[in-house]
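Residue numbers (the working numbering), protein chains in the order written: chain A, 56 to 535; chain B, 371 to 1381. For reference, the structure discussed in these notes is given below.
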Amino acid sequence: MHPISESVADLTRRELLGRTSLGLGGVALAELLQGSSASANERPLLPHFAPRAKRVIYLFQNGAPTHVDLFDFKPELQRLHGKPLPAGFSEGKRFSTMTGNADGKLMLAPVEPFRQRGDSGAWVSDFLPHTAGIADRLCFIRSMHTDAVNHAPAIQLLLSGAQIPGRPTMGAWATWGLGSETETLPAFVVMTSVTKNTTCGQIFYDFYWGNGFLPSRFQGVKFRGSGDPVLYIRNPSGMTSTMKRAWLDDIARINELKLRESGDPETASRTAQYEMAFRMQTSVPELTDFSSETQQTLDMYGPGVAEPGTFAHNCLLARRLVERGTRFVQLMHAGWDQHNSITTELYSQCRDTDQPSAALVRDLDRLGLLDETLVIWGGEFGRTPFIQGDLGNRPRWGRDHHPYAFTIWMAGGGIRPGMNWGASDELGFNAVENRVHVHDLQATVLHQLGFDHERLTYRFQGRQFRLTDVHGHVVQEILS
Amino acid sequence: MIDRIQTVWLAFLTMIPLQASESPDFSRQILPLLSENCFQCHGPDAERREADLALHDQREAMRVITAGARGESELYARITSAEADLQMPPPDSGHVLTADQQELIGAWIDAGAEWNQHWSWQAVQRPKIPQVAATSGAVIRNPIDAFIQSRLQQSPLQASEEADRRTLIRRLSLDLRGLPPNAREIAAFLADTEEGAYERLVEQLLESPSFGERMAWDWLDAARYADSNGYQGDQERTMWPWRDWVVQAFNQNLPFNQFTEWQLAGDLLPESGFEQKLATGFCRNHMINGEGGRIAEENRVDYVMDMAETTGTVWLGLTLNCCRCHDHKFDSLTQQDYYRFFAFFNQTPVNGGGGSGQTAPLLEAPTAKQSEQIQQYQRQLQELTGQFSQRADQLLQTQSAWEQQQLQQQGNELHWQPLFAEQLQAEYQQLKQSADGAILASGPNPANDTYTLIFPVTAQKAVSLRLDALRHETHTGGGLARSDSGNFVLTELELSLLRDEQEQRIHIVSGQATFEQGDLTIDRVFDGNRQSGWAVYEGRPVDRDHAAVLKLESPVDLQQGDRLKVVLRHDSAHASHNLGRFRVSISGNANAGLNNDKDQQLLLALRTAAAERTAEQTQLLREQHQAADAEWQQLVAAKKQTEDRLAAVRGEIPKVMVMQDRSERRETFMLERGLYSAPGEAVTAGTPVSLPQLESESEPDRLELARWLMDDRNPLTARVLVNRYWQLLFGQGLVKTASDFGVQGEIPQQEQLLDWLACEFRDSGWDLKQLLRTIVLSHTYRQTSRRTELQLEHDPDNRLLSRAPRYRLASWMLRDQALAASGLLCTEQGGPPVKVYQPEGVWEDATFGRKTYTQDHGESLYRRSLYVFWRRIIGPTIFFDNSPRQTCSVDVFRTNSPLHALQLFNDVTYVEAARVLAQRVLQGADRSDRGRLNEICERVLCRPPEDEEAKVLLAGLQRSREQFATDSTLAQQLVSAGEAPAAEELEPAEHAAWSALCLAVLNLDEALTRE
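Here you go:
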């Protein structure tokens, strides 16, 4: 749909509620009204069926956490430590150019001990004590697999359904499909962080939260880690809020005169956007002001919480965002690319993410938000069960990219807690039991939001596009 | 010119209107239904085809269609079947044919099932111009209006009246220049009451130098132009001379077929010059991936795909990328077509490795200033050469006097005294000493040799001995020995004193050498071990002399009659590594080291009688004389300075990546699933088989492709291009899907108009300015954008164009408008990109601090948006609605989000423009509030405010005055926005109040809108 007609369709609905009103109370309601225009890309604005989750927080672990050291316990890997990869695992498989051919690679045992946790008996290693502590609230999917072997294509595949940039990402689809629950904050927010001094941070490309061919207002709004979280959120130096408020009223009055003359509903929309912008100028500083949080809450998220730009800070912001009606929060934390730092940087990586991740789940639960908030934790692929580097040089042990098996966890949002789904083989090499492809994960997330992933489509370049491309099955068994 | 064209059009207007046909039209009504509902399984994609039935192909389709009888047609039976097993499309497919659609197909079969190609595949035929009478207020100015109004007659709508002059001049100026008109231009247009005022304005704008800049923006989006590579690392590149060429090409109205040929294949033109080669930068504007771990060939294939797909979208309006992996699902394009098209670009010598933003083939594109500087420096160097030779002649005349003087001055300060032998003996070779003390070995070239040398000495003190290894032309590669590498290995040096027929060994305690090769160190020549030694191979052909200084255990007082015996052994396993030319010297000066070789040489030369000197010695003395001459030194300094400057200018010359085909043909293969690593069948370059064929005697090249694109028989190019220029002037194309003219693209409601424009463009010799002129002179373009309830109800999308479109201006144009209105705009054209205001930390945040944004200052801040630096992974934050310039984009991005409202009100760009605008007006002649307000609105909206508007704004002004009067700090802050010079003489509170008002005016809906 052309952006012009799209906004007209929106505004026509809005006008039903009286276009002379400068107030915006009716907008959310108006958005829920089905449009009358029979256009090809009418926004659904209603789920296909009752949603189990209203909101999503995706704790994206950028760089690919090592499933065999964190979640996927394989005694066989300990037995084969230092021995070559047995036959029958890697045939016909592609690895990164750093590994090339997997034949003859030496197996590497997990570096920290594993234990079974909670009533569910989920295996979680000692790297993640806080995650271990909430194991019974989590659903681990231990049979994830993907198609891409390098970071950017794999992240893009997971978030947009295609390896090449240009498709809308999950958050864009969700907000396009469901609209917003807040008029003072963006519906789709992205925050990024990286463990300090890591040697393996990747760039966060803005197509990771791109709107693709959806209208650009469905692009994720990236909150910045330093300075003002939203660009241009501050009034010009020398102009107070009171002054601005008065001028916005003047602008609205003159726009109203224009509207009478031109008859163009876009003019009313323009005024509305200035109004929302003005509200964001209050709501964003309020959002980022943690002074109303108790010390207990702050402590729960860990020491980084007070420092903008950290994962802990972002986790608490994520909770505050969903509390205020943001639909999709995408936290991305880089630094998981342990090619040569399994015994070193992996510790700081876990230290920075483990406690805040667990705290977020506990905190949402405490506030009664977890039922309707789907939390997802995971990266773009796993890491090789064999070593990258020299077995004799323990401080430089590493693992390479591995798309054939990895583990993620989900919580809340209608997902069964205390569950383990799927399994990889005895080496953690290939997902073998109840395999879940990234397209299946996408289908499941959309399902929890109330969408049939095959019907949430957008026509572009002559084709109906969807997040799951032409694939994907909802993993029914993990739904509560 | 204009008059003649209008006469021609009037002639067309009298022709008969087109007859509508009775039976359903296949390409417009039936094909879209088949495509949408059937092609997924019964279309061009052979891989996914079900039941071996392909409905895109007439012959195939006729297996299930009996022309003239729906009752006997399997297809009709299936689409109307109620049985789930038989029903088509299948119930679970998500596709449904409505009863009306079924009936349409039935009627088409009954009428004979006439078959033809998709509309855009059919040859462009000049349509007849409909004969229509103008409706009230509307005029038929040219055939565009005839087409539009004839279509409107079939609807309840009528064309709108012409917009007022102020709206028209602003609209035209923004559309054709991307800048608002200034007060003088507005006044002139309003005052021009003669016939043809509008036409004169159009000509003036088309001839403006800003025209090319405005046209270039959309072309840069299509060409995915940026100032960096994209991807991790995001290295910078210097493609901007190509960007400047585009601006000039538009300004010069280069015929579009040449514009095309030069950009796709300028390097292959027989008359290819600098400009044509520069134009091919178009193809090289793709992203470049410099990530570690990437396979070069994978990158290379990506780049070639990008070139092919960009060409496909820009000229053919086709989504070729669908065919990377499989045949097109809807259009008659096969995977083979894709790789045949790909093959045109596959002859690039780029191999995909490296990731530099200046990957060859490159074209140096010096600016006019750089060319001028280079010429100037080269001229200066030439002059200096003359001066050098003149001075050298003068110095020769005083040469011998200078030598005498030098000899006296430096007399006995000789550090190293070369020894001249009375006995030179080698086991196999002949040794001969020359006047400078050098000893050359010649004759046989044995594997090993030992030299024994007896040197008579004078009474002096000796503390160290020096051995020089000297290169010679008879040695391997002009090196130090006649060995395989030109290297030597001296395994032992034995020194003894011969006095009174006694031989007394002199021990060496330490050594120092110009170079030591690995463990072949200098101390190995006095370690008593004949297996170990000293060698100097530096990993490259020997390109310098070497030397070693050996310190004696204790100083030796030599007496007259003494002799020194030196034995040099070459006993290494390396064959023929014998010193080929060398000199032995001694010194009594403890400071004598390796570095004073030159003084040594010099004194030696001075001490040698002029007639006996070697050529080198003569040369050395002349050079020394010159070096000691102040005038000569000045010449040397001047030369160095000029050379440095020349090198600096050369280093700064932008290098543009351009096209070139490699000499050896690269074979092209179809790639399974589009994977670089899965080559299938080999293909040769060619155009899609379903389009008119490119006729070529051998495998065609890019130039033939470019010519095929612009060939009169090509049905797509002219349509696709005029549609995009329609989009540029009307906010959306006649075909909304500007990037897709395939079966799934929009079928234009105004197809006749599109075809007429395509014919006009083509038959004019691809004259772009003429095309734009034709469009903007139409009444359709000149209509008011005011809309009625009727229009909103019947045509909310304004597809029938019963009014002018009204839409938000692009963010880049909003910035230019604000700069122009405030008078800040710097109209300088071209050159390197500029870095304008951007919030702190945007690049740093996106790149973990790897890229630092360093904002420019002064005039650079006010250059047009076209020149703003475009970092591909994080584009300028100020251009919020633009293509990210990562891949080709010809579609319009128009957006309306609160984030943009934040920017337009709070960004220093606009706040500065507002306060400078206020400054200008306050410094102007008019001193009344209303007069000043009028001027502000004229500058921004091109009109004075209505009374009601003025009332609101002046009340706001009064309120602001009061607010700022109570807080002078706030006022001072507001009027200091940006880096433009402040107006110290203005009273801050008054200036601030007006600045706030200006900012509000810049944010009015009308200011942001193309009316």
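All C-beta atoms in this analysis are idealised placements derived from N, C-alpha and C, irrespective of residue type, glycine included. Note that the coordinates shown come from a computational prediction; the quantities given were computed from them, not determined experimentally.
query	result
Taking 9 Å as the CB-CB limit, is R279 of chain A close to chain B?	yes
Hey, is G464 of chain B's beta-carbon within less than 9 Å of any beta-carbon in chain A?	yes
So, are the CB atoms of G963 of chain B and V906 of chain B less than 9 Å apart?	no
Under a three-way DSSP split, which group does M387 of chain A fall into?	strand
Any C-beta of chain A sitting closer than 9 Å to the C-beta of Y568 of chain B?	no
Who are the Cβ neighbours of F1334 of chain B in its own chain at under 7 Å, not counting the five residues just before and after it?	L1340, A1341, A1359, A1362 and A1363
Rounded to whole angstroms, how far is the Cβ of R1233 of chain B from the Cβ of V1204 of chain B, which I believe are closer than 8 Å?	5 Å
Cα separation between G903 of chain B and L890 of chain B?	6 Å
Under 9 Å between the Cβ atoms of W302 of chain A and L1184 of chain B?	no
Quick one, which residues of the region 274-298 of chain A are near chain B if we go by CB-CB under 9 Å, in chain order?	Q274, V276, K277, R279, G280, S281, G282, D283, V285, L286, Y287, I288, R289, N290, P291, S292, G293, M294, T295, T297 and M298
Run through the DSSP bridge pairs and tell me what S536 of chain A is partnered with.	There is no way to answer for residue 536 of chain A, as the model of chain A reaches only from 56 to 535.
With a threshold of 16 other CB atoms inside 10 Å of the CB of E843 of chain B, please say whether the residue is buried or exposed.	exposed
Can we say the region 449-459 of chain A touches the region 200-215 of chain A, given the rule of at least three CB pairs closer than 8 Å?	yes
I need the DSSP call for G1050 of chain B, collapsed to helix, strand or coil.	strand
Should I658 of chain B and Q605 of chain B be called a contact, given that it needs their Cβ atoms to be closer than 9 Å?	yes
With H, G and I counted as helix, E and B as strand and the rest as coil, what does DSSP make of T428 of chain A?	strand
Does DSSP put S924 of chain B in a helix, a strand or coil?	strand
Taking C-beta to C-beta, are T681 of chain B and L1075 of chain B nearer than 9 Å?	yes
Considering Cα atoms alone, identify which of B:A586, B:D597 and B:N669 is closest to F629 of chain B.	B:A586
What do you reckon, are the CB atoms on I809 of chain B and K935 of chain B nearer than 9 Å?	no
Quick check: the Cα distance between P314 of chain B and T1144 of chain B, rounded to an integer number of angstroms?	Here chain B has residues from 371 to 1381 only, and residue 314 of chain B is not among them.
Restricting to Cα atoms, I'd like to know which of B:Q1122, B:A1088 and B:H1149 is closest to F1100 of chain B.	B:H1149
What is the C-beta distance between A227 of chain A and V111 of chain A, in whole angstroms, given that I count them as a contact (C-beta under 8 Å)?	About 12 Å separates the two Cβ atoms, so there is no contact after all.
Report buried or exposed for N899 of chain B, applying the criterion of at least 16 other Cβ atoms within 10 angstroms of its Cβ.	exposed
Report the neighbours of Y541 of chain A on chain B: residues whose CB is nearer than 7 Å to its CB, in chain order.	For residue 541 of chain A there is no data in the structure shown, the boundaries of chain A being 56 and 535.
Say whether chain A places a C-beta atom closer than 9 Å to the C-beta of Q787 of chain B.	no
Which residues, in chain order, does the region 590-620 of chain B contribute to contact with chain A at a C-beta distance below 7 Å?	Q602
Kindly list the residues whose CB is nearer than 7 Å to the CB of E1349 of chain B, restricted to its own chain and excluding five residues on each side of it in sequence; keep chain order.	H1227 and L1231
Would a check of beta-carbon distances place N369 of chain A closer than 9 Å to chain B?	no
Measure how close the beta-carbons of D305 of chain A and L1287 of chain B come, nearest whole angstrom, since I'm counting them as under 8 Å.	Contact doesn't hold; Cβ gap of about 17 Å is too wide.
Compare the C-beta of D319 of chain A with all C-beta atoms of chain B and state if any pair is closer than 9 Å.	yes
If I follow the unbroken beta strand (DSSP E) through T462 of chain A, where does it start and stop?	F461 to A466
Please compile the residues from chain B whose C-beta is within a distance smaller than 7 Å of the C-beta of P220 of chain A.	Q1256
Excluding the 5 residues preceding and the 5 following H483 of chain B in the sequence, name in chain order all residues of the same chain whose CB lies nearer than 7 Å to its CB.	Note that residue 483 of chain B corresponds to Ala in the displayed sequence, not to His. The answer, listed in chain order, is I435 and A437.
Would you kindly check if the distance between the Cβ of T984 of chain B and the Cβ of A839 of chain B is under 9 Å?	no
Contact between the region 727-734 of chain B and the region 1010-1018 of chain B is defined here as three or more beta-carbon pairs at a separation below 8 Å; is this criterion met?	no
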